[in-house]
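Notes follow the structure.
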Amino acid sequence: MLPSNSRLQRLSQAALSRSQFLQLAAGALLPFVGLPPSAAADKNSELAQKGGALGTKDAAASGRMGAILVSQFGPVKIHSYLSPLDGFQVNTQMIEGPTAVVIFDGQLLLPYANEVASYVQTLGKPVERIILSHAHTDHWSGLQVLTESFPDVRVFALDGIADQLRARGQARLDSFRPIYGDRIATKVTVPTEIIAEGVQRIDGITYDFKRFVDAESDLQLAALLPEQKVLMAFDLVFSPNEHAFTVVDHFDHWMIVLDQLDVLQGYDTITIGHDTPVHRSAIDSTITYIKCAKEIHAASADAKTYSESLKAAFPDRQLASMVDFSAKLLYAAHR
Ligand SMILES: [Zn+2]
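Mind the numbering: the sequence shown is residues 4 to 338 in this note's numbering, read in order.
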């Protein structure tokens, strides 16, 4: 892309409010635009103050569409790639240890997965494995790019995820195709390896893998990094600034899962599936949100009523257009 085009594109993005942008993106009529990199970088700068030795990399400097936050914990770095809004602000986490990189999740849109692949290559260490946290399309579509970029690397997931992708993955891609065209994967990348629950050491880093059911998705991996005191919660926890995705009627059990996370002591930094890392207080704010969503769901006969009531209950949360998306899936499941 020519620099002048790039600058123009950024100017046009800046002229759109975040909600306007999302409405347009969700309406699928807009050609690709991304979150202004400076906005994401500013947000990341705030978060960079919260951990140990944290730093940021400015997306604007590299021409990158997504944003990257780097958190350092001694010899371990967590690189979080955050997609622009049209990619659902989904994260790919890259855990860089002494000799290798472990990648968690693969993005919704292929251009963003490409940015992840390019970024990993700059780290100069081999990819040890790719781990998929759950079977929602925004986390695995871009694995097509990552597995092409790193053809010898195995893809791991909890037992059951591969079956879900074989059963429903292609239909999910087909449903996104009218919206995203060739930016969505053309094939389903099915994990070939099962990630075991419990403690494992990978490249000298201790991971405690946990399996949760019936929360934001039917089956969700989480990982504790006990030495770094980081909880990788993926879509179990949402930012207090954004609407959570309530696509299935698992409200009660999701709150039970969040209570289980809440008792974990000392895990003050939580990396999440969407948006930048949060403080542990986000567990409580997610419980508050899910409790309210459950009540609204019980009182709402249709998706439109549910969506409007939920947006009215949390007027300050971003990603309001995603509430419509969630409501559509939530109410479709009843039929
Ligand atoms: Zn997600």
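Note that beta-carbon positions come from the ideal geometry of N, C-alpha and C, so glycine has one too.
None of the values given here were measured: they were computed from a predicted structure.
Selection from the options that minimises the alpha carbon distance to residue i
i	options	result
residue 135	193, 243, 217	193
residue 198	211, 303, 187	211
residue 69	76, 142, 78, 95	95
residue 257	301, 283, 239	239
residue 143	176, 233, 285	176
residue 86	67, 78, 237	67
residue 109	237, 227, 78	237
residue 148	189, 172, 276	189
residue 146	287, 187, 129	187
residue 264	334, 172, 218, 78	218
residue 270	200, 251, 235, 276	235
residue 268	172, 97, 229	229
residue 304	282, 172, 333	333
Counterpart residues of residue i in DSSP-defined beta bridges
i	result
residue 80	75, 99
residue 210	203
residue 272	233, 282
residue 158	133
residue 94	85
residue 106	97, 133
residue 196	159
residue 216	222
residue 277	93
Beta-carbon contacts of residue i that lie in its chain and below 7 angstroms, excluding the five residues immediately before and after
i	result
residue 50	Model confidence at residue 50 stands at a pLDDT of 39, short of 50, so the residue's coordinates are unreliable; what they give is reported in the following sentence. Result list for residue 50: 72, 279, 280, in chain order.
residue 296	249, 254, 313
residue 126	99, 104
residue 298	none
residue 141	91, 93, 111
residue 215	223, 225, 239, 260
residue 195	157, 158
Alpha carbon of residue i to alpha carbon of residue j, nearest angstrom
i	j	result
residue 114	residue 123	14 angstroms
residue 312	residue 183	28 angstroms
residue 202	residue 209	7 angstroms
residue 306	residue 80	42 angstroms
residue 324	residue 331	11 angstroms
residue 318	residue 243	12 angstroms
residue 328	residue 247	11 angstroms
residue 241	residue 155	33 angstroms
residue 118	residue 290	33 angstroms
residue 1	residue 322	One cannot answer for residue 1 here, as it falls past the ends of the chain, which runs 4 to 338.
residue 65	residue 83	16 angstroms
residue 266	residue 179	38 angstroms
residue 107	residue 131	11 angstroms
residue 213	residue 320	29 angstroms
residue 76	residue 160	25 angstroms
residue 174	residue 232	38 angstroms
residue 170	residue 74	37 angstroms
residue 227	residue 262	16 angstroms
residue 164	residue 116	20 angstroms
residue 284	residue 310	25 angstroms
residue 23	residue 162	With a pLDDT of only 30 at residue 23, under 50, the local geometry of the prediction cannot be trusted, and the value read off the model is given with reservation. So the two alpha carbons sit approximately 40 angstroms from each other.
residue 315	residue 129	47 angstroms
residue 335	residue 286	28 angstroms
residue 251	residue 308	16 angstroms
residue 200	residue 272	21 angstroms
residue 274	residue 326	22 angstroms
residue 301	residue 185	38 angstroms
residue 277	residue 172	20 angstroms
residue 97	residue 282	19 angstroms
Contacting residues, own chain, Cβ-Cβ under 8 angstroms from residue i (five flanking each side not counted)
i	result
residue 204	210
residue 167	138, 221, 222
residue 150	133, 156, 158, 192
residue 293	247, 249, 254, 257, 258, 261
CB contact check: residue i to chain C, cutoff 8 angstroms
i	result
residue 162	Protein chains in the displayed structure number just one, and chain C is not present.
Contacting residues, own chain, Cβ-Cβ under 6 angstroms from residue i (five flanking each side not counted)
i	result
residue 207	100, 101
residue 152	120
residue 288	243
residue 78	101
residue 53	Only weak support is given to the placement of residue 53: the predicted model assigns it a pLDDT of 35, under 50, and the value that follows is read from those uncertain coordinates. Nothing meets the Cβ criterion.
Distance cut-off 7 angstroms: residue i Cβ against heavy atoms of ligand 2
i	result
residue 217	Annotation note on ligand 2: not contained in the displayed structure, which lists ligand 1 as its ligands.
What are the start and end residues of each continuous beta strand (DSSP E) run of 3 or more residues lying completely inside the stretch 222-262, in chain order?
With a minimum length of 3 residues, the continuous beta strand (DSSP E) runs that stay inside the stretch 222-262 are 222-228, 233-237.
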